[in-house]
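Trainee: This structure is in structure tokens; I'll ask about it shortly.
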Amino acid sequence: MTILSSLILVLLSVVSVFSFTLRQSQNDNMCKTMGSILCIKEELTIIATVAKGIARTSSEIEET
988 MTILSSLILV
998 LLSVVSVFSF
1008 TLRQSQNDNM
1018 CKTMGSILCI
1028 KEELTIIATV
1038 AKGIARTSSE
1048 IEET
């Protein structure tokens, strides 16, 4: 495994942990009381945020 691959793997792990922490810190009862549509929107928002972070990180890695 190359250094770049290892770095990407570590960054993805950090982003995953951050995403999980962010989701846990939000109001967990919203999904139970408001319905599944809001839950799906919340999950898609989290995925979009993480994807932007991954894209930014990969661009920075490619530049160096």
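Under our numbering, the first residue of the sequence shown carries the number 988, and numbering increases by one thereafter.
In this text, a Cβ means the ideal position worked out from N, Cα and C, and glycines have one as well.
None of the values given here were measured: they were computed from a predicted structure.
Hey, how far is the Cα of residue 1027 from the Cα of residue 1034?
Mentor: 10 Å
Trainee: What residues in its chain sit with their C-beta under 7 Å from that of residue 991, if we drop five residues either side in the sequence?
Mentor: 1048
Trainee: Can the beta-carbon of residue 998 be found less than 9 Å from the beta-carbon of residue 1041?
Mentor: yes
Trainee: Given this structure, state the Cα-to-Cα distance separating residue 1055 from residue 1030, to the nearest angstrom.
Mentor: In this structure the chain extends from 988 to 1051, so residue 1055 is not present and cannot be described.
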